[in-house]
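Engineer: Let me begin by handing over the structure; questions about it come next.
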Amino acid sequence: MIQIDNVSKTFGGIQAVRGVSLEVAEGSITGLIGPNGAGKSTLFNMVAGLFPPSEGRVLLDGRDITGLPPHKLFHLGLVRTFQIPHEFSRMTVRENLMVVPPGQSGENLFNAWLRWGRVKQEDSAVLDKVDDVLDFLEITHVADELAGNLSGGQKKLLDLGRTMMTDARMVLLDEPGAGVNRTLLGKIREAIQRLNRERGYTFCVIEHDMDLISALCDPVHVMANGELIASGAMTELRRNEQVREAYLGG
Ligand code: ADP
Ligand code: MG
308 MIQIDNVSKT FGGIQAVRGV SLEVAEGSIT GLIGPNGAGK STLFNMVAGL FPPSEGRVLL
368 DGRDITGLPP HKLFHLGLVR TFQIPHEFSR MTVRENLMVV PPGQSGENLF NAWLRWGRVK
428 QEDSAVLDKV DDVLDFLEIT HVADELAGNL SGGQKKLLDL GRTMMTDARM VLLDEPGAGV
488 NRTLLGKIRE AIQRLNRERG YTFCVIEHDM DLISALCDPV HVMANGELIA SGAMTELRRN
548 EQVREAYLGG
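Laid out in structure tokens, this is it:
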């Protein structure tokens with residue numbers, strides 16, 4: 308579904324990503340791991356359209372999407388989850404789901420507000436979809452809580468919920484497990500797996516929690532120092548000498 312073709316990124320003198328090629332197969336939950344500073348987020352940001360690569364190409368379903376901005380990618384079904392914008396922390400969970408994010412950068416919040424006003428009044432199909440999302444993620448009991456009052460894990464579930472409100476097919480998740488307690492971590496893992504199996508979402512996941520990666524992702528790609536150093540099932544990667552060294556050395 309996504310093909311990253313020999314992509315590099317230089318910031319000033321720093322080469323953050325060097326000649327990385329990898330694929331995310333349709334229907335997969337693909338993992339991306341590596342020590343801090345490996346270049347994972349930089350690679351994600353290039354795929355998500357936050358900035359263009361210095362070199363190389365990114366394809367979505369065979370179509371060249373290199374350098375397309377987030378709102379264009381959004382319309383092609385590719386989204387990156389993002390923190391709930393500050394402006395929305397004083398809205399309830401249900402209201403947050405009604406605001407279908409028009410892009411991932413927050414640049415278009417005003418349009419989102421306008422649409423929200425409209426949705427609130429008349430679009431019952433959207434209201435039904437909100438109920439479905441709340442039910443699917445098992446967060447109906449906090450539907451009327453302010454988003455700002457949710458726990459870290461509940462916020463991540465709401466992030467997934469906002470993604471479900473869009474027509475995304477390809478979802479980039481940067482550390483869905485960060486700052487989440489054990490109980491909710493299980494729920495997040497389950498939600499991602501069910502979205503994948505039951506609703507056909509393809510995921511690419513950056514994560515530091517190896518248990519979560521092992522439970523969720525196959526294949527897993529490993530980056531270190533800007534380069535792709537190994538790819539495969541987590542069980543194989545655990546025994547890979549280069550991977551062990553990258554983590555020990557990092
Ligand atoms: P990871 O997500 O794997 O921890 P990053 O992609 O965030 O790694 O960073 C890779 C390298 O690129 C690091 O050396 C980091 O300092 C550098 N880097 C990332 N973003 C920027 C930026 N906007 N400007 C300058 N250097 C950056
Ligand atoms: Mg990062």
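Here the sequence shown is numbered in our numbering, starting from 308 and rising by one per residue. Ideal placement from N, C-alpha and C gives every residue a C-beta, glycine not left out.
Roughly how many whole angstroms lie between the Cα atoms of Q411 and V478?
Structural biologist: Summary for Q411: the model assigns pLDDT 39, below 50, so the residue's position carries little reliability, and this model does not support an answer.
Engineer: Could you check where the beta strand (DSSP E) with D481 kicks off and where it finishes?
Structural biologist: Residues 477-481.
Engineer: Who are the near neighbours of N503 in its chain, counting only those whose CB is closer than 7 Å to its CB and skipping five residues on each side?
Structural biologist: These residues qualify, in order along the chain: I336, F510.
Engineer: For S328, which of helix, strand or coil comes out of DSSP?
Structural biologist: Note: S328 maps to strand in three-state DSSP.
Engineer: If distances are taken between C-alpha atoms only, which option among D435, V512, E452 comes closest to L467?
Structural biologist: Looking at the Cα atoms, V512 is the closest of the given residues.
Engineer: Return yes when at least one heavy atom of the ligand ADP lies under 7 Å from the C-beta of G484, else no.
Structural biologist: It does not: the Cβ of G484 is nowhere closer than 7 Å to a heavy atom of the ligand ADP.
Engineer: For V529 versus I340, is the C-beta spacing smaller than 8 Å?
Structural biologist: Contact flag set, yes.
Engineer: Quick one: is the Cβ of K347 within less than 7 Å of any heavy atom of the ligand MG?
Structural biologist: Within the cutoff, so yes.
Engineer: Compute the beta-carbon to beta-carbon distance between V324 and V314, rounded to the nearest angstrom, for a pair I have assumed lies under 8 Å.
Structural biologist: Yes, they are in contact, since the Cβ atoms of V324 and V314 sit about 6 Å apart, within 8 Å.
Engineer: Ignore the nearest five residues each way along the sequence and tell me which others in S521's own chain have a CB closer than 7 Å to its CB.
Structural biologist: Excluding sequence neighbours, S521 sits near M541.
Engineer: How many Å lie between A320 and N343 at the Cα?
Structural biologist: It is worth fixing the name first, because residue 320 is Gly in this sequence and not Ala. Rounded to the nearest angstrom, the two C-alpha atoms are 19 Å apart.
Engineer: I'd like the span of the beta strand (DSSP E) that includes S538, first residue to last.
Structural biologist: From DSSP, the beta strand (DSSP E) with S538 extends over 534-539.
Engineer: Go ahead and pull the three-state DSSP assignment for E414.
Structural biologist: For E414, the pLDDT reaches just 45, beneath the cut-off of 50, and the residue's location in the model is therefore unreliable, although a value from the coordinates is still provided. The answer is coil: DSSP assigns E414 none of H, G, I, E or B.
Engineer: Start and end of the alpha helix (DSSP H) containing G493?
Structural biologist: Run containing G493: 489-506, per the alpha helix (DSSP H) assignment.
Engineer: Could you please give me the residues that DSSP links to V512 through a beta bridge?
Structural biologist: According to DSSP, V512 bridges with G338, L480.
Engineer: So, with DSSP's three-state summary, where would you put N352?
Structural biologist: Residue state, collapsed to three classes: helix.
Engineer: In the structure shown, what three-state DSSP assignment does V365 receive?
Structural biologist: V365: strand per DSSP, three-state reduction.
Engineer: Using DSSP with H/G/I as helix, E/B as strand and the rest coil, what is I372?
Structural biologist: The answer is coil: DSSP assigns I372 none of H, G, I, E or B.
Engineer: How long is the line joining the alpha carbons of R551 and N352, rounded to whole angstroms?
Structural biologist: Straight-line Cα distance between these residues: approximately 26 Å.
Engineer: Spatial neighbours of M517 within its chain, please: C-beta separation below 8 Å, excluding the five flanking residues on both sides.
Structural biologist: Cβ neighbours of M517 beyond the five flanking positions: I340, M541.
Engineer: When you compare only the Cα positions, how much space is there between P409 and M471?
Structural biologist: Only weak support exists for where P409 lies, its pLDDT of 45 falling under 50; the coordinates are left without a value.
Engineer: Using only alpha-carbon positions, find the residue among V437, D438, G460, E514 that is nearest to G338.
Structural biologist: Comparing Cα-Cα distances from G338 to each of V437, D438, G460, E514, the minimum goes to E514.
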